[in-house]
Each structure stands twice: as structure tokens, then as C-alpha cells.
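Following: one structure in C-alpha cells, then a few remarks.
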Amino acid sequence: MHLTDGAGGREREIVDLFATTFSASEGAEEGALIGSLVRDLLDRTPPDDIRVFTASEDGALAGAVIFTRLRYAGDARVVVLLSPMAVTPRRQGRGIGQALIRHGLHSLQAEGADVALTYGDPAFYGKVGFVPVTEGTAPPPQPLSHPEGWIGQALAGGDLAPLTGPVTCAAALDDPVYW
1 MHLTDGAGGR EREIVDLFAT TFSASEGAEE GALIGSLVRD LLDRTPPDDI
51 RVFTASEDGA LAGAVIFTRL RYAGDARVVV LLSPMAVTPR RQGRGIGQAL
101 IRHGLHSLQA EGADVALTYG DPAFYGKVGF VPVTEGTAPP PQPLSHPEGW
151 IGQALAGGDL APLTGPVTCA AALDDPVYW
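Taking my numbering, the leading residue of the sequence shown gets 1, the next gets one more, and so forth.
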């Protein structure tokens with residue numbers, strides 16, 4: 001497996017990976033929605049506010065994870081949101097997703113990120129250090145339909161101190177449909 005920082009000119013493949021993966025697991029409508037989200041994230045997010053990490057096997061795209069900046073107006077810490085991530089269905093269950101997330105978190109921490117948050121399955125993301133957080137500790141940018149899926153971690157370890165101030169996220173993610 002080869003891990004890469006950046007989209008590397010594979011933006012169309014990355015969009016297709018997300019659409020295909022989410023269609024297989026959640027249905028065609030969800031696949032189209034997430035594919036569109038990824039296209040919007042890649043096209044509209046300022047370069048300083050987005051990081052893409054990919055995994056390839058034998059030259060084929062096997063997985064991708066996208067991190068975007070969350071800004072808490074009253075907090076100087078650098079906060080990133082992991083969303084979305086996907087591993088092609090035929091390569092799932094082999095640790096690719098976990099390796100990809102760990103690689104991304106390590107790279108982001110080395111660049112100065114302090115906190116990572118995501119909104120997903122606590123059982124899966126718990127394998128890479130994410131723990132449940134309350135909306136009081138880390139206010140989300142939109143109301144959560146499943147608050148139990150709001151999880152995060154302090155990248156230097158230890159407990160996550162509360163984040164303060166109004167929060168803004170990437171424009172493409174600032175829609176209640178994703179929350």
C-alpha cells in the first residue's frame with residue numbers, strides 16, 4: 001500500500017471512489033450526495049483549508065480521506081474535521097482506512113494541527129483514537145442528528161479541552177443534510 005499526501009491530479013478518481021463506496025454501502029442516493037460533496041470540497045475549499053490523503057495498491061486508488069479546517073472564533077487551536085473518508089468496497093477490512101487516517105493525523109499534527117473531530121461511527125473511529133465529545137466541548141457547525149457520532153481527539157494526547165466561540169466549517173459541509 002502506498003500513502004500519498006494530496007490529490008495528485010486524481011480528483012475525478014477520488015470523487016468516483018466516494019460515490020461508488022457510499023452507493024455500495026448506503027444506496028445510490030447517498031452515493032450521489034457524497035460524490036457531490038467531495039467534488040464541492042475539492043473545487044471550492046481554499047487550499048489552506050483542505051488536505052487530502054490517498055491510499056493506492058498496485059497503482060489503483062484504494063481509499064481517500066479528506067480533512068478540512070474548522071474555525072472556532074474564540075480559540076487559537078488548529079482544528080480539523082475528518083470528513084468524508086472511504087475505502088473501495090473490495091479492499092475494506094484490511095486496515096487501509098485506519099492506516100490512511102493515522103497517516104493523515106500524523107501529517108496534520110506535524111503541520112501544527114491540535115484537534116481532530118469527525119462525525120461517524122464511534123466503533124470504527126475509536127480504533128484510531130477518536131472518543132465521544134459533547135456539543136459543549138466541541139460545538140458542531142450544524143445541529144447533529146446523531147450526537148453519539150460526534151467524536152474527536154487532542155492530537156498531542158490527553159483530554160480535549162473545550163473549544164470556544166462560534167464555529168465555521170468548509171462551505172461545502174455547511175449544510176444540515178450532512179449533520
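Cβ coordinates follow ideal geometry from the N, Cα and C atoms, glycine included.
What span of residues does the alpha helix (DSSP H) with residue i cover, start to end?
i	result
residue 22	11-26
Based on the DSSP output, what are the partners of residue i in its beta bridges?
i	result
residue 79	70, 115
residue 1	DSSP lists no partner for residue 1.
residue 153	116
residue 167	72
residue 86	64
For residue i, which residues of its own chain have a beta-carbon under 6 angstroms away from its beta-carbon, when the five flanking residues on both sides are left out?
i	result
residue 20	none
residue 71	168
residue 23	31
residue 11	42
residue 142	176, 179
residue 38	15, 18
residue 78	112, 113, 114
residue 35	15, 18, 19
residue 91	62
List the endpoints of the continuous beta strand (DSSP E) containing residue i.
i	result
residue 55	50-57
Go through its chain and collect everything with a Cβ distance to residue i's Cβ below 7 angstroms, but skip five positions before and after it.
i	result
residue 60	none
residue 147	135
residue 94	none
residue 166	73
Using a Cβ-Cβ cutoff of less than 8 angstroms, which residues in the same chain neighbour residue i once the five nearest sequence positions on both sides are dropped?
i	result
residue 128	98, 101, 102, 105
residue 177	33
residue 155	105, 108, 109, 113, 114, 115, 116
residue 162	136, 137, 138
residue 49	68, 69, 170
residue 80	51, 67, 68, 69, 70, 108, 113, 115, 116, 117
Taking 8 angstroms as the CB-CB cut-off, is residue i touching chain D?
i	result
residue 111	Of the protein chains in the structure, only one exists, and it is not chain D.
task = Return the chain-ordered ranges of every beta strand (DSSP E) run that is complete within the stretch 102-151 and spans a minimum of 3 residues.
result = Listed in chain order, the complete beta strand (DSSP E) runs (minimum 3 residues) inside the stretch 102-151 are 115-119.
key: Touching by the beta-carbon criterion (3+ pairs, under 8 angstroms), the stretch 167-175 and the stretch 118-128   = With a cut-off of 8 angstroms, the stretch 118-128 and the stretch 167-175 do not count as touching, because too few Cβ pairs lie within range.
inquiry  = With a threshold of 8 angstroms, are at least 3 pairs of Cβ atoms found where one atom belongs to the stretch 86-101 and the other to the stretch 39-46?
reply    = The stretch 86-101 vs the stretch 39-46: no contact.
Segment contact, 8 angstroms Cβ cut-off, at least three pairs: the stretch 53-66 with the stretch 3-18 = Touching, yes.
message = Could you check whether the stretch 136-155 touches the stretch 7-16, counting it as contact only if at least three pairs of C-beta atoms, one from each stretch, sit closer than 8 angstroms?
response = The stretch 136-155 and the stretch 7-16 do not touch, with fewer than 3 CB-CB distances between them shorter than 8 angstroms.
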